[in-house]
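J.: Pasting a structure below so you can have a look.
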Amino acid sequence: MVVVELITGRTLDQGATVEEKLSDEYFNAVNYIELSEEDFKQLALKEGDRVKVVTDFGEVVVFAKKSELPKGIAFIPMGPYANAVIDPATDGTGMPQFKGIKARVERTEERVKTIKELLEAI
Amino acid sequence: MQDIICTFCGSVCDDGEYDLEKRKVKKFCKLGSSKFAEKERIKAPMIDGKEVSYEEAIEKAVEILVNAKKPLLYGWASTANEAIRVGVILAEKLGGVYDQCASVCHAPGTLAMIEEGLPGATLGSVKNRADVVIFWGSNPMEAHPRHGTRYSISAKGLLVKDRKQRKIIVVDVRPTKTAKIADMFVQIKPGYDYAIISALRAIISGNADVVPNEVGGVPKEKLVELAEIMKKAKYGAIFYGLGVTQSRGRDRNIENAIKLVQLLNRTTRWVIWPMRGHYNVVGAGEVPAWEVGYQYAIDFSRGYARFSPAEFSAVEVLLRKDCDAALIVASDPVAHFPKMAVKHLKQIPVIQIDPFPNMTTLIAKVVIPSAVYGIEAEGTVYRMDCVPLRVKKILETNYWTDEKILEEILKRVEKLRG
Amino acid sequence: MLIIKPKKEFEVCIEAELTPELAMKSVEEVRKFKVYYGNRVVELGELFEVVKEGEDKKLVLDGDFGRVKWIGTRMIDGEIVVKGNVGANCGAFMRGGRIVVEGNADDWLGIEMAGGEIIVKGNARNLVGCAYYGNAVGMTGGKIVIEGNAGNYIGEKMNGGEIVIKGNAGDFVGTEMRAGVIEIHGSCGFVGGDMRGGEIRIKGNFDLLPTFRKTEKGWVGDVNVKGEGVIKTF
Amino acid sequence: MLWIKNGIVVDPKNKINAEKMDIFVKNGKIVAESDVKKEDCKIIDASGKLVVAGGVDMHAHIAGSKINTGRTMRPEEMRVVRNIAGKFRATLGRVLLTAPAIGYEYAKMGYTTSFEAAQPPIGALHTHEELDSIPMIDKGALPVFGNWHLVFKCIEEKNLEKLKALVAWAIERTKGFGVKVVNPGGVEAWMYGGNVKSLDDQVPGFNVTPREIITWLIRANEELGLPHSVHLHCNNLGVPGNYQTTIESIKLANGFRNPKRQVLHVTHVQFNAYAGSSWRDAASGAAEIAKVVNSMDNVTIDMGAAIFGHATAMTGDAPFQFSLHKLIGARWSNKDTEVETGAGIVPIGYLPSNPVHSLQWAIGLELGLLVDSNKVVLTTDYPNGGPFTEYPYVMAMLMSKKMREGELKKVHQYVQKTTTLPSIDTEKTLYEVIHMTRSLPAKVLGLENKGHLGVGADADIAIYNLNPLETDFSNEFEKVYKSFKTAEYTIKGGEIITKNGELVKEVFGKTFWVDARKKVDLEVIMPDIKEYFNYYSVQLGNYGVEERWLKNPSRLEVV
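Below is the structure:
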């Protein structure tokens, strides 16, 4: 298990598929987490492995990707997978905290839920 | 067709060429091209998943809205001002809540503006004059792919002729694609934007001595270097993004950055502007501002507008279960809201107006498909810098526009409410 | 004394500017008091049971008032005891009297409070004692005590009075503060950004901004506004 | 059809001074008695009441990015509730008002026309969207020219034909009404952090001066024969000592002549009428300015009166706005706009206890009193000097020395020595004040069918519960003020829209725009425009506003 600071945000692929949310392309654009090389190694992952991301606000299974992030920082594209684990509190601003949430990431054999399954589970 | 205007991101590029035969757009980026590509549509109006006529769907929508004690009318960032205006008046008539996508995007910038104002510029000013551009928590290479070539990074301006004459700086928690093409990258610890901006203000105003050797993961020398660049700029621009608005400090980060810009303007010229996301999220705030006085998080339950993001932003309304029906226009809160907020949406009747099926379609009781502005319908939109553009109708369609659907709803509501 | 009890679970939040003045009215009048139930204006008696016991200028809100907003707004004297949670904007613009919340308080507790006392036995959320949107001055007098934890943005633009947090507080405590005292017994995040005056006392850990000067009085700043605010531990 | 019976009519354009007469209305116009069938007329009994044309506000900031930014940055301004949603729109606002509130409040006061005084050309569509959302009144907008690179280029080349073509092109593209000039050259200097300080300073990067910008634009404006003259916001606004710049600017009108109207309108002169060298020794320069204006027959001004209370400074004068922000430490918004113009916004207030604010208050009134009534229009430069809803205060003050004496006691006594206000005995007559608020602004704008009640005029009429034959304007100023605050009837285009301050009917007026394209050969300027569009961030083909996008456009063609 590694502990990371989770941020979420836009990507080109997420943007290009955002009007096709029920497509495989969108599913593939938002269902992963980017980890630093060190964290990736520490979890003994290989590209395409699945990890479970757990925060105080929920958990979600996503695919793991290696990326040029600093150690201890992880990134999930904005979308339903990210939103399963971010902090909903807006602290009175109206804006939930989409970036900078403490998360535990661990390897898992569990399946990545489809978008519909994710919605049903809410 | 020439001068086609893109209705995807806040850059609202207006130099597209559309090939009517191939049904393809030229010149636009990956995001813009995807916008103009054919894709799956909501085929017909639906109630509980069953296809109905526009009139039947509208009747049902009106019934839900009129009976609600507090309907939430949310979305609006991807539609035209003409539709937004009807939506705002509808919210006023219904005694509901109007909120728009900015509330989970750039609305903290509005809160900061309430505190300090917004010293800004149009993108054309930046292109012509800015010799230093800082992208702070923003990543145009992914979110606004042509921003750099058209306005900010390599744009060919009047006084600043090209990329070589312009210094690009990226401040972010991770080396983004934009950071890779920058002249300087300042990597900061997540959540320390505010402290770093305070430190820059102190250095620039002659109080460098109090600043410790490291702030938010950045060595003091680097901050001093950045401060020097800022002071020496002839005309600098800060473009901030969701990295600032959605993380620790939110509006306070921006407020602090605005104070930094105020300070810099005492000796040189600087401007600051948000990298707004959707093509008309600016209109979704400007229209209600002139119609009812506020940009977002507006409650009409007392028959007039009140503003309080802590209470009337869509996420707060949903977390407090403070709405009993929702009308979602041109947006997908089910995909973009935190899980706990989506939970309440699933429990109340939802009406959706949108050209495309999305996650909100999956939970909506009434679904009303609409025409796509900029392709199938004409309308006014505001680029991220509030420059108005009239997007065009290129293709014929049988889909109704958002404006027409909302007008029909409003007409019926007015009849019932008197 | 007036005892007010919710009759049912509410579908949406309620706005009810309940103040101790109500305790001076007859039960009949109180039942007719107008409250906002979403976009419907209804009589208090429709949603709440009302019982009068004696002539004290006191309201006892018996039950969960966590979705009832604006309780104690502009009150000048008397007492309100909330047996459970209280909704947003409680004690807004209050000038005197006392509010005791036995549960938790929602956002915007004691907006621009000028006098009186608010005691929250549980936790408070964000924006305690702050200036309302667009206004220049926050709390100017009185005292707010939170026995549990508090959220973010406590005491912004405060210009007098006292806020005591017995537990932890969130981020951005006392931003642009000018006068008054904030005391935090636990830990908190950033403190005193652009503070001009006043004092913030903290027992636990906090995030110091890089714009305060260490002196024997404590940390003094914020230098960015030539401030003379003091942050110290105790 | 309407028959307004037995009213006491004041109609300066038609030289009618408090005469009892009837007014007839048909198809939205004032008509002769013989043109109506009396039995089909709705009769309004105006016995003992004042009947005048609807008020015309020729300079206010009512639409576009500036006021909307003001609303956004000042939620505290929006917490005054004026109307609850019902048959009519909900309206809000203390001084800054929502678009529906602007229309309703003008109408309640008996005003039926208002012009947005500064429209950034590239933002024209935004301005028009807001104008289209303002109910009740007729509207127009003045695009700004004084810092536009293309204007500088034409002047550098001393090419009048190009300049005329540019003006005609730009007014058409913006669906604008005339030529507004804001701090000529100074806003361009602000792009480098500076300002211009005199009429002969060179504009950075260009071989032009403010003097040349103003003069050439007057020349172009007059050769085009536009309905309105050049409308000038002078250099050095808000700077003690600036009255001299103002006088010099006014004199630039020498040598130009137009039989119908002035050739130069200098706006919100209060802000440009300060003597002294700093705010510590500032004094009024109003008397000197008045002398010059009175000596010329081709210049008009408007007051820009300051009203005590809240206000928001919003102008295209971006460097001034930054100075103001530095001076008072308030919030500051700025907008550098392409290669065209700029703007700034700062919240302000006028306190009677403040010597400078009292000085500003006094200067506005001095201008109104000392300048010939045929040359000064009543404005507050809304919302810079304060709310337009307080025009009745200014009207009553101009007509009553006694009221002024009472007010002078409440303000900072600094004004006693620094202004002439305490010594002014003039009391403007009702006829003069009605002229300053109706027929004069209409004439200054070049709107022939506005501001009067002659046959053929638009049927925009205000009826006030005030009998001028029985009112002592010197002494009954409270009654006068109250009467002008709320019209008994406001009639717009022949329809009753308000009655005793209650809304009766929501109507949407026209937006006037001027088309002077026939007067020029656009081809002389198109190559330059095309070249300059390399420095725009939009395509030339997407620039501008089409007439069909407007709700109710009214084209005035110049031939």
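Residue numbers (my numbering), protein chains in the order written: chain A, 249 to 370; chain F, 13 to 430; chain H, 14 to 247; chain V, 56 to 614.
We put the beta carbon where it would ideally sit given N, CA and C, even for glycine.
Can you name the start and end residues of the alpha helix (DSSP H) that H348 of chain F belongs to?
T.: Taken as a continuous stretch (DSSP letters only), the alpha helix (DSSP H) holding H348 of chain F covers 345-348.
J.: List, in chain order, every chain V residue whose beta-carbon is nearer than 8 angstroms to that of I17 of chain F.
T.: Going along chain V in sequence order, the residues near I17 of chain F (Cβ under 8 angstroms) are N597.
J.: Using the beta-carbon of each residue, which ones in chain F are nearer than 9 angstroms to F323 of chain A?
T.: Under the 9 angstroms cutoff, chain F gives R186.
J.: Can you tell me the Cα-Cα spacing of E211 of chain V and A417 of chain V, whole angstroms?
T.: Looking at the two C-alpha atoms, the distance is approximately 40 angstroms.
J.: Tell me the start and end of each unbroken alpha helix (DSSP H) in the stretch 152-187 of chain F that is at least 4 residues and wholly inside, in chain order.
T.: Whole alpha helix (DSSP H) segments, 4+ residues: 152-155.
J.: Measuring straight from C-alpha to C-alpha, what distance separates P190 of chain V and V393 of chain F?
T.: The alpha-carbon atoms of P190 of chain V and V393 of chain F are separated by roughly 22 angstroms.
J.: Using the Cα positions of E586 of chain V and W334 of chain V, report the straight-line distance between them to the nearest angstrom.
T.: Their backbone Cα atoms lie some 45 angstroms apart in a straight line.
J.: For chain V, is any of its Cβ atoms less than 7 angstroms away from the one on G147 of chain H?
T.: G147 of chain H counts as touching chain V.
J.: Nearest CA to the CA of K483 of chain V: which residue from V:E557, V:Q299, V:E421, V:G231?
T.: Nearest option by C-alpha distance: V:E421.
J.: If you measure beta-carbon to beta-carbon, which residues of the stretch 323-354 of chain A are closer than 7 angstroms to chain H?
T.: Per Cβ criterion, the list reads D339, G340.
J.: Count the other CB atoms, across all protein chains shown, that sit within 10 Å of the CB of N589 of chain V; report buried if there are 16 or more and exposed otherwise.
T.: Flag for N589 of chain V reads exposed.
J.: Determine whether the Cβ of N172 of chain H lies closer than 7 angstroms to any Cβ atom of chain A.
T.: So no, N172 of chain H is outside the interface.
J.: Applying the criterion that 16 or more other CB atoms from any shown protein chain within 10 Å of the CB defines a buried residue, is F247 of chain H buried or exposed?
T.: Exposed: under 16 other Cβ atoms inside 10 Å.
J.: Assign I54 of chain F to one of three DSSP states: helix, strand, or coil.
T.: The answer is coil: DSSP assigns I54 of chain F none of H, G, I, E or B.
J.: With a threshold of 7 angstroms between beta carbons, is A277 of chain A in contact with chain F?
T.: Closer than 7 angstroms: no.
J.: Consult DSSP for H323 of chain V and reduce its assignment to one of helix, strand or coil.
T.: It is coil, neither helix nor strand.
J.: By how many angstroms is the C-alpha of A118 of chain V removed from the C-alpha of H183 of chain V?
T.: Using only the alpha carbons, I get a separation of about 7 angstroms.
J.: Looking only at its own chain, which residues have a Cβ that is under 7 angstroms from the Cβ of K328 of chain V, when we skip the five neighbours before and after it?
T.: The question names Lys, yet the displayed sequence has Ala at residue 328 of chain V. For A328 of chain V, where only same-chain residues beyond five positions count, the Cβ hits under 7 angstroms are Y298, T301, S339, G340, A341, I344, I418, L422.
J.: I want to verify the contact list: residues of chain F whose CB lies under 9 angstroms from the CB of E66 of chain H, in sequence order.
T.: None at all; the shortest Cβ gap to chain F is about 32 angstroms.
J.: Quick check: the stretch 351-359 of chain V against the stretch 458-472 of chain V, are at least 3 beta-carbon pairs closer than 8 angstroms?
T.: Result no; under three Cβ-Cβ pairs closer than 8 angstroms.
J.: Using a Cβ-Cβ cutoff of less than 8 angstroms, which residues in the same chain neighbour K230 of chain H once the five nearest sequence positions on both sides are dropped?
T.: Excluding residues within five positions, the ones whose Cβ falls inside 8 angstroms are V243, K245.
J.: In whole angstroms, what is the alpha-carbon distance linking K216 of chain H and G340 of chain A?
T.: Cα to Cα, K216 of chain H sits roughly 25 angstroms from G340 of chain A.
J.: Looking at chain V, is there any beta carbon in it that lies within less than 7 angstroms of the beta carbon of E388 of chain F?
T.: Not an interface residue.
J.: So which residues on chain H does F324 of chain F lean against when the C-beta distance must stay under 8 angstroms?
T.: Near F324 of chain F there are no residues of chain H at all, since even the closest Cβ is about 10 angstroms away, more than 8 angstroms.
J.: For N52 of chain H, decide whether its Cβ has a neighbour in chain F, counting only Cβ atoms nearer than 7 angstroms.
T.: Yes, because at least one Cβ of chain F sits closer than 7 angstroms to the Cβ of N52 of chain H.
J.: Mind pulling the chain H residues with CB within less than 8 angstroms of G438 of chain V?
T.: Strictly speaking, residue 438 of chain V in this sequence is Pro, with Gly absent from that position. Within chain H, no residue comes near P438 of chain V; the closest Cβ sits about 15 angstroms away, beyond 8 angstroms.
J.: Touching or not, the stretch 56-69 of chain V and the stretch 99-110 of chain V, by the rule of three or more beta carbon pairs under 8 angstroms?
T.: Flag = yes, the stretch 56-69 of chain V and the stretch 99-110 of chain V touch.
J.: Take the Cβ of G461 of chain V as the centre, count every other Cβ of all protein chains shown within 10 Å, and call the residue buried at 16 or more, exposed below.
T.: With fewer than 16 other Cβ atoms within 10 Å, it is exposed.
J.: Answer with yes or no whether the minimum CB distance from A512 of chain V to chain F is below 7 angstroms.
T.: Not an interface residue.
J.: Which residue comes first and which comes last in the alpha helix (DSSP H) that contains V133 of chain H?
T.: Counting along the chain, V133 of chain H falls outside any alpha helix (DSSP H), though it belongs to the beta strand (DSSP E) covering 130-133.
J.: Should E543 of chain V be labelled buried (16 or more other beta-carbon atoms within 10 Å of its own) or exposed?
T.: Classification for E543 of chain V: buried.
J.: Do S166 of chain F and R175 of chain F come within 7 angstroms of each other at the CB atom, strictly closer than that value?
T.: In contact: R175 of chain F and S166 of chain F (Cβ atoms closer than 7 angstroms).
J.: What are the boundary residues of the alpha helix (DSSP H) that includes K137 of chain F?
T.: With the sequence shown as reference, residue 137 of chain F is identified as Ser, and Lys is not the correct amino acid for it. S137 of chain F -> alpha helix (DSSP H) spans 135-141.
J.: Between which two residues does the alpha helix (DSSP H) containing G295 of chain F stretch?
T.: 295-304 is the extent of the alpha helix (DSSP H) around G295 of chain F.
J.: Alpha carbon to alpha carbon, how far is V234 of chain V from H114 of chain V? Give it in angstroms, no decimals.
T.: Near 13 angstroms, if we compare the C-alpha coordinates of V234 of chain V and H114 of chain V.
J.: Please confirm whether R355 of chain A and L291 of chain A have their CB atoms less than 7 angstroms apart.
T.: Their beta carbons are under 7 angstroms apart, which means R355 of chain A touches L291 of chain A by this criterion.
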